[in-house]
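First comes the structure, then the notes that go with it.
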Amino acid sequence: MTPTDDGAPAVQADRVWFAYRNRDWVLRDVSLAIPAGKHTVIMGPSGTGKTTLLRVLAGILKPDEGRVAVFGQPTNGFDQRRLSALIGYIPQQLGLVRSLSALDNVLMGSLGRIGDGKALFGLFPRAETDRAEAALDMMGIAHKRSEQVFRMSGGERQRVAIARTLLQHPRVVIADEFASDLDLALASEILTRIRRAADKENITFLMSMHRLGLARQFGDDVLALKDGEIVPGFIGNEMLETPRAEVSL
Amino acid sequence: MKAPLVLPATTALFLFAVLAHLGFFDLERLARGVRNLGILGSEMLPPDVGILPTVGAALWETVEMSFAGTLLGFLASLPLSVLGTRRLFSSWISSVARFIAAGIRTVPVLLWAIIFVILVGLGPLAGTLGIAAYTVGYLAKIYADLFEGTDPEIVEAVQSTGASKLQLVRFVILPEAANAVLAQVLFMLEYNIRASSVLGFVGAGGLGFVIQIYLQSLDYQRLATILLLVLVIVLVMDGISAWLRKHFLLSAQTV
């Protein structure tokens with residue numbers, strides 16, 4: 012069955028509980044709905060369960076109780092390939108392969124669509140290579156395509172990670188503490204590029220952040236998580252009274 | 002006695018008892034050994050370089066056996082180590098793969114050479130297969146442990162693109178472990194050059210056969226030449242390893 016929009020939220024969690032192997036609950040009865048086409052930011056103190064929540068929503072962790080749905084389709088029966096067409100996930104440390112070039116890392120976004128045979132020899136279809144180069148261009152680092160990731164700066168690595176996810180063509184991107192390590196001006200520039208790319212490709216973004224200024228700039232909505240629970244009454248955009256700042260590129 | 006001192010004191014006592022049992026406190030015997038070392042040294046000098054043309058073929062055979070055995074063992078160890086990676090396969094598949102590697106590793110390289118002499122007859126083929134077998138057991142274990150240590154965030158991030166297990170191995174696990182994979186195979190090549198120089202003792206080809214003849218005929222000047230040749234080969238290998246490391250390994254400081 013192909014997921015359809017039909018007004019369904021892009022990502023929905025319904026009474027989700029999660030604990031790591033016989034430990035205390037990390038997520039307690041979390042319910043939320045991320046609207047399609049919007050960009051939502053999750054904020055909250057360190058150790059409050061933001062990363063766990065994002066990993067559960069991305070399908071990496073299975074909830075102990077409750078369910079997660081993407082565009083109305085419960086994801087617990089999805090295999091990784093099917094899920095990858097819907098959700099892209101960027102971990103806090105970005106998950107890039109350091110010894111490979113920026114272009115090779117971006118091309119990994121297409122692995123869900125291509126077979127083992129050619130990919131194992133590093134032979135990607137021309138169309139995928141063109142798209143990968145376009146994604147790097149969109150993030151402003153086309154000139155770094157052949158550079159190994161371990162030689163790149165923090166900001167450049169963030170752009171490679173986003174470009175890889177764009178090549179995946181997911182309908183939702185979930186990113187953990189994205190741009191948190193960068194200085195404000197650079198983080199702001201990258202987030203502005205991401206908004207442009209997301210609007211162009213009609214992608215819903217869900218990010219965790221700890222800087223209010225960036226959340227205001229990037230998010231249409233802000234959710235707060237505390238001690239594994241969504242803070243009631245915080246859902247919405249009351250934190251976003253200040254108009255979003257656009258950064259000229 | 003305070004608790005922190007119990008373990009070191011027990012270890013020291015145990016070591017003392019073991020050394021006594023092994024004859025380390027038989028001073029007369031040790032003194033005789035030192036005298037013999039002097040005699041052996043003087044009988045080895047000067048090395049008889051006149052045998053170089055004669056042992057050249059045996060030396061080349063040793064290098065061939067080490068190179069081919071290491072490469073074959075390396076190639077065979079890759080699939081076994083991937084199957085032994087618990088992050089990729091279920092625990093029973095990885096346990097079976099690790100058990101096979103452990104079984105192969107249990108048998109010393111000299112015993113592998115004897116087994117292959119029985120199976121395929123005397124000569125360098127048996128030696129090469131023996132080296133390959135031992136290399137599989139060693140590298141499969143090291144590589145499986147290395148692959149399991151791959152940063153889980155990278156595996157998860159690429160898995161979430163829909164990558165298959167084979168693609169994960171190709172694009173994440175091998176590139177991430179490339180430094181250590183290359184370093185270990187070079188170490189194994191050096192080890193195998195030393196090991197293959199004695200495989201001829203059991204009829205498995207290479208320098209070992211010549212070494213055995215010179216040892217039995219107490220021809221220590223010629224034996225010294227062979228030992229110097231092995232030293233030269235190992236030093237050359239060290240040089241090649243250093244060059245490969247410099248040109249192909251990532252700089253640890255910049256990662």
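So the protein lines, in turn, are chains R and C. Numbering follows the numbering used here, in which position 183 of the first sequence is assigned residue number 194; successive positions increment by one, without gaps. Numbering follows the numbering used here, in which position 215 of the second sequence is assigned residue number 216; successive positions increment by one, without gaps. Every residue gets a Cβ at the ideal spot worked out from N, C-alpha and C, and that includes glycine. Nothing here was measured: the structure is a model prediction, and the numbers come from that model.
Identification of residues in the region 156-175 of chain C having a C-beta nearer than 7 Å to some C-beta of chain R yields E157, A158, V159, Q160, S161, T162, G163, A164, S165, L167, Q168, R171, F172, V173, given in sequence order. In the DSSP assignment, the residues bridged to R/L43 are R/A24. Between the region 211-225 of chain R and the region 50-62 of chain R, the count of Cβ pairs shorter than 8 Å is three or higher; the stretches touch. The closest CA to that of R/S112, considering only R/P46, R/L134, R/V171, is found on R/V171. When the alpha-carbon of R/G106 is set against those of R/F161, R/E144, R/E76, the nearest one is in R/F161. When Cβ-Cβ separations below 8 Å define contact, R/A146 makes no contact with chain C. Per DSSP, the unbroken beta strand (DSSP E) holding R/F216 starts and ends at 215-219. Contact of R/I101 with chain C by beta-carbon distance below 8 Å involves A158. Of the residues assessed, R/R182 falls on the buried side of the cut-off, its CB having 16 or more other CB atoms within 10 angstroms. Between R/Q23 and R/A80 the beta-carbon gap is near 5 Å, inside 8 Å, which marks them as a contact. In the structure shown, C/G150 falls within a coil segment according to DSSP collapsed to helix, strand and coil. At a cut-off of 8 Å between beta carbons, R/L97 makes no contact with chain C.
A residue is called buried once 16 or more other Cβ atoms fall within 10 Å of its Cβ, and R/T86 is buried on that count. In summary, C/I40 is exposed, with fewer than 16 beta-carbon neighbours lying within 10 Å of its beta-carbon over all protein chains present.
With a 10 Å radius around the Cβ and a threshold of 16 neighbouring Cβ atoms, R/N33 comes out exposed. The alpha-carbon separation between C/W244 and R/K211 amounts to approximately 49 Å.
Neighbourhood of C/A184 in chain R, by CB distance below 8 Å: empty, with the nearest CB roughly 14 Å away. Closest by C-alpha distance to C/A103, out of C/I234, C/L16, C/Y135, is C/Y135. A Cβ-Cβ separation of about 24 Å leaves C/V203 out of contact with C/A141 under the 8 Å criterion. DSSP places R/V108 outside both helix and strand once states are collapsed to three, so it counts as coil. Using a 10 angstroms sphere on the CB of R/P74, the tally of other CB atoms reaches 16 or more, which defines it as buried. Residue state for R/P74 is assigned as coil, using DSSP reduced to three classes. Judged by DSSP secondary structure, R/I98 falls within the beta strand (DSSP E) whose first and last residues are 98-101. Annotated three-state conformation of R/I241 is strand, per DSSP.
Any Cβ of chain R closer than 8 Å to the Cβ of C/E154 would place that residue at the interface, and such an atom is present.
Two segments are said to touch when three or more pairs of C-beta atoms, one from each, lie closer than 8 Å; by this definition the region 73-83 of chain C touches the region 137-156 of chain C. DSSP lists R/F29 as the beta-bridge partner residues of R/L38.
Taking C-beta atoms under 8 Å as the contact rule, C/L73 and C/A133 qualify, at a distance of about 4 Å. In this model, R/D115 and R/R175 are separated by some 9 Å (Cα to Cα). Under the DSSP definition of a beta bridge, R/V81 partners with R/V22, R/Q84. Contact annotation for R/V108 against chain C: I155, V159, F172, V173, P176, E177 [CB-CB distance below 8 Å, chain order]. If you check the CB distance, C/M66 and C/G128 come in under 8 Å. Taking 7 Å as the Cβ-Cβ cut-off, the region 122-154 of chain R approaches chain C at L122, G123, D127, A130, L131, given in chain order.
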